[in-house]
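To start, the structure under review is shown below, and the notes come after it.
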Amino acid sequence: MPDVHISTLALLATGLLALSALVTGCGEDADPLESGDDYSVLGAVGELPASIEGDAQLILTGDLSKASEVAGLDRPSDADSDEVNEWVGDLSGAAAPDDDTARAFVPLPDALVPFDASPSEMDAQVGWSVVDVDSFAALTQPPEDFLVVSGAFDEDTLDEDLSEVDDDIVTDVVGEDHELNVEEPTAFSRIGAPTRLAEDDGRIAASSTTGAVRDWLNGDESLADDAGYGDVARALDEHDVYAAVLSAVQPGIDAAALILGGQVSAEELEALIEQLEDQLPEASYDTVGIGWTTDDDAPLVATAYHFDSEDAAKDSVDALRELYESSTSAQSQRPFSDYLEVEGVETEGSVVVVTSRPAEGAAIHFAYQALVSRDLLFVSQ
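The working numbering applies: residue 102 is where the sequence shown begins, and numbers increase by one.
This is the structure:
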């Protein structure tokens, strides 16, 4: 498929309550992944096992049915359709020919829309593809990837030629987790690593490791039980988003992310970093989330920051507003106001939510690009 989305940026990025045994793959108060009126970011995060640990976690989720409706798109029903690429491109934030800003954006993971395999090839290998998916939740934690999709799936969906690797878990390649077979790439892996799959109640999990799929089937702890991810997901759900990206935040400014001209001494670099840090909220935040929604057919972006207390969140409102309205991107050297126009800043418990609209001519997915490049909007003290 052509390079019509920016999900590979995810490769650059970087709770714990008991779960109900009656609900597979979701947090204590998170419903299973669904779509339409029942879609929620919390439900999506609740599908992701907490056993997948790391500091560079990036969570991607979206309701393809709702996003297609927002964008005015007719979603193809056939994986062989010539319209699949155009549909994926439109969902990935490509603007209409007569419009400067796309109407919708969904952060599609590579596992759902592989670059090296068409939907028809994916369907032939595993029995389904992106055209069958209503909603999804994905976790990128290199070298591990985990994906859950919802749709009209049942126990007969997964291709009968897939090999059983464990009870109720099948694989497209026989071999150990992460074992490479570069001469025989698959729809999920260009280097031929196995992908484990399982179906449960209209959802399918696909992962690079067997243990993660087993944890999902068993209903073990999920990332919805983490205070940061859970609170950010709930805040985004209050804004009725149809797609979102969530990430843990590493503190401090990454010097490698700064655009510097000419020779810069260590002293000059240190002074620049101190100057930039003065623009950040004094309190630290540990988790962020960006959600996309719409208001009167115009795109809206809700960005949530999780602090360690309600007081810290309230004390950070003015600093975050000032950051959006008066600071400059370390990447483009242009004001953030050239990309996002602030509509409001409010607190929801320990979370600050900045609501904004894409500025005229700006990309609808600017905030996502700023997140994975560690621009100042997503740098914590």
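Cβ atoms here follow ideal geometry from the backbone N, Cα and C, with glycine treated the same way.
Looking at the backbone, the Cα of ALA212 and that of PRO382 are separated by about 35 Å. When DSSP states are grouped into helix, strand and coil, GLN242 belongs to the strand group. Around the CB of SER366, fewer than 16 other CB atoms lie within 10 Å, so the residue is classed as exposed. Here ALA239 is near ASP246, since their CB atoms are less than 9 Å apart.
Note on geometry: alpha-carbon atoms of PRO295 and GLU444 lie some 46 Å from one another. Taking C-beta atoms under 8 Å as the contact rule, GLN351 and LEU477 fail to qualify, at a distance of about 14 Å. Counted as a single uninterrupted DSSP element, the alpha helix (DSSP H) harbouring THR311 occupies residues 311-319. When C-alpha distances from GLY173 are compared across GLN434, GLY163, LEU192, the shortest belongs to LEU192.
For GLY163, the enclosing beta strand (DSSP E) covers residues 159-164. Here DSSP, grouped into helix, strand and coil, assigns ILE292 to coil. Contact between VAL171 and LEU337 is absent: CB atoms are separated by about 16 Å, not below the 8 Å threshold. In the DSSP assignment, SER427 falls within the alpha helix (DSSP H) that extends over 418-427. Residue pairing for PHE408: DSSP places it in a beta bridge opposite TYR386. GLY331 has its alpha-carbon roughly 36 Å from the corresponding atom of ALA225. Scanning its chain for C-beta atoms nearer than 8 Å, with the 5 sequence neighbours on each side dropped, one finds around SER410 the residues SER451, in chain order. Counted as a single uninterrupted DSSP element, the beta strand (DSSP E) harbouring ILE270 occupies residues 270-272. Excluding sequence positions up to five before and after SER178, its CB lies within less than 8 Å of the CB of VAL232, all in the same chain and listed in chain order.
Taking 9 Å as the cut-off, the Cβ atoms of VAL249 and GLU148 count as close. The C-beta distance from ASP439 to ALA463 rounds to 7 Å, short enough to fall under 8 Å.
A direct Cα-to-Cα measurement between GLY155 and ARG297 gives close to 20 Å. With a beta-carbon spacing of about 7 Å, ALA344 and PHE206 fall inside the 8 Å limit used to define contacts. Rounded to whole angstroms, the separation of the alpha carbons of ASP387 and GLY329 is 7 Å. By the Cβ test, the segment 310-320 is not in contact with the segment 284-291, since fewer than three Cβ pairs between them sit closer than 8 Å.
According to the DSSP assignment, ASP267 belongs to the beta strand (DSSP E) that extends over 264-267.
Put simply, of ASP398, VAL185, ARG335 the residue whose alpha carbon is nearest the alpha carbon of GLY392 is ARG335. With 16 or more neighbouring CB atoms inside 10 Å of its own CB, LEU259 falls in the buried class. Ranked by how close their Cα comes to the Cα of GLY293, the residues GLU284, GLU300, ASP301, ALA299 have GLU284 in first place.
For PRO352, the three-state secondary structure derived from DSSP is strand. Linking GLY252 to GLN434 through their CA atoms gives a straight-line distance of about 43 Å. Scanning its chain for C-beta atoms nearer than 7 Å, with the 5 sequence neighbours on each side dropped, one finds around ARG304 the residues PRO133, LEU134, VAL249, VAL250, SER251, PHE254, in chain order. Between the C-alpha atoms of VAL446 and GLU261 there is a straight-line separation of about 51 Å.
Judged by their CB atoms, LEU318 and VAL333 are not nearer to each other than the 9 Å cut-off.
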